[in-house]
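Enquirer: Below are the structure tokens for one structure; questions will follow.
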Amino acid sequence: MIISVKEIRNFLINVAIPLLIGYLSSVFVKIISGSDMQTLYAALTKPSFAPPGFIFPVVWTILYIFIGTSSYLILRKGNNVPRVVDAMFYYGLQLGLNFAWSILFFGFGLRFTAMICILLLIAVVVIMIMKFSRINKKAGYLNLVQLVWLVYVGFINYFIWLINS
Numbered sequence: 001m002i003i004s005v006k007e008i009r010n011f012l013i014n015v016a017i018p019l020l021i022g023y024l025s026s027v028f029v030k031i032i033s034g035s036d037m038q039t040l041y042a043a044l045t046k047p048s049f050a051p052p053g054f055i056f057p058v059v060w061t062i063l064y065i066f067i068g069t070s071s072y073l074i075l076r077k078g079n080n081v082p083r084v085v086d087a088m089f090y091y092g093l094q095l096g097l098n099f100a101w102s103i104l105f106f107g108f109g110l111r112f113t114a115m116i117c118i119l120l121l122i123a124v125v126v127i128m129i130m131k132f133s134r135i136n137k138k139a140g141y142l143n144l145v146q147l148v149w150l151v152y153v154g155f156i157n158y159f160i161w162l163i164n165s
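Each residue of the sequence shown is one higher than the one before, starting from 1 at the first, in this note's numbering.
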């Protein structure tokens, strides 16, 4: 099977978008708070089940690659197909909430607001997975890892808010 240059370009663009969103959120955090997320995370009192700070950029890089790959699989069905447009709405919404969470949690130190944001994010990702799965099962499966990670991070967010309030 030969893959066209156009398909490779489309794939790379789809993967680059969530990676860029994640990077930009970290830039905004640094602008707002004057410090990077790892330093801010290290300064928090955390629950015993919270991972070390270096884990987050590694996991999110992998997750963003999965997320971008899933969007590529969906958009291959045609970006003007109504169910694709609908699914991609939730994709964009979850990227927006992902972007906002870091800024709320680290940039502004709004731990409770960030917790509400992550709960909304979890709900949107569940809907997105269902919509993606109806179009392409693999695209839905690729986002299950993100869902599990978000639930875990949601618990960490809750306990950090509780401990540091």
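For each residue, glycine too, the CB sits at the ideal point set by N, CA and C. Remember, it's a predicted structure, so these values are computed and weren't measured experimentally.
Give me, in chain order, the residues of the same chain whose beta-carbon lies closer than 8 Å to that of Thr113; leave out the 5 immediate sequence neighbours on both sides.
Expert: These residues qualify, in order along the chain: Leu104.
Enquirer: Relative to the C-alpha of Met128, which candidate in Val145, Tyr91, Leu150 and Trp161 has its C-alpha closest?
Expert: When only C-alpha atoms are compared, the closest one is Tyr91.
Enquirer: Do three or more CB pairs link the region 106 to 120 to the region 25 to 43 at distances below 8 Å?
Expert: Contact holds: three or more Cβ-Cβ distances are below 8 Å.
Enquirer: In whole angstroms, what is the alpha-carbon distance linking Thr45 and Leu19?
Expert: Rounded to the nearest angstrom, the two C-alpha atoms are 28 Å apart.
Enquirer: Asn157 by DSSP, collapsed to three states: which one?
Expert: It is helical.
Enquirer: Quick check on Pro51 - is its C-beta less than 9 Å from some C-beta in chain D?
Expert: Checking the listed chains, one finds no chain D in this structure; it contains a single protein chain.
Enquirer: Could you check whether the region 144 to 158 touches the region 73 to 82, counting it as contact only if at least three pairs of C-beta atoms, one from each stretch, sit closer than 8 Å?
Expert: With the cut-off at 8 Å, the region 144 to 158 and the region 73 to 82 do not touch.
Enquirer: Determine, using beta-carbon pairs with one atom in the region 60 to 71 and one in the region 133 to 144, whether at least three such pairs fall under 8 Å.
Expert: Result yes; three or more Cβ-Cβ pairs closer than 8 Å.
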